[in-house]
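*Asks:* Residue numbers (the UniProt record's numbering): 1 to 66.
Where is the CB? At the ideal position from N, CA and C, for every residue including glycine.
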Amino acid sequence: MEQLKRRNKTLKTGKVPGMGRNSNEALPDEAFYWVKTIINRIFTYGRFPETWKTAMVIPMPKPSIP
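(1) Return the Cβ separation of Phe48 and Ile39 in integer angstroms, given the expectation that the two are a contact with Cβ distance under 8 Å.
(2) What is the DSSP secondary structure of Ser41, counted as helix, strand or coil?
(3) Quick check on this structure: which residue in Pro59, Val35, Lys62, Glu2 has the alpha carbon closest to the alpha carbon of Trp52?
(4) By how many angstroms is the C-alpha of Pro59 removed from the C-alpha of Glu50?
(5) Helix, strand or coil: how does DSSP classify Ala55 here?
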């Protein structure tokens, strides 16, 4: 679990949150227990949660350069 906490501190801040609208800065310490539990179950059962297979892609065009 300490490894997850250390890794979270290396993530960039100020990024757009995921579909759950949670950013990495907002993760309380208790969340790491559940993250570890979910990851362990993925390895045990060999399946991802269905919601993790969904993505929302929003194109962001670059401003035109004159």
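*Replies:* Taking the coordinates as given:
(1) Actually they do not touch by this definition, with Cβ atoms about 10 Å apart.
(2) Residue identity check: residue 41 is Arg in the sequence provided, not Ser. Correct three-state label for Arg41: helix.
(3) Of the candidates Pro59, Val35, Lys62, Glu2, the one whose C-alpha sits nearest the C-alpha of Trp52 is Val35.
(4) 24 Å
(5) coil
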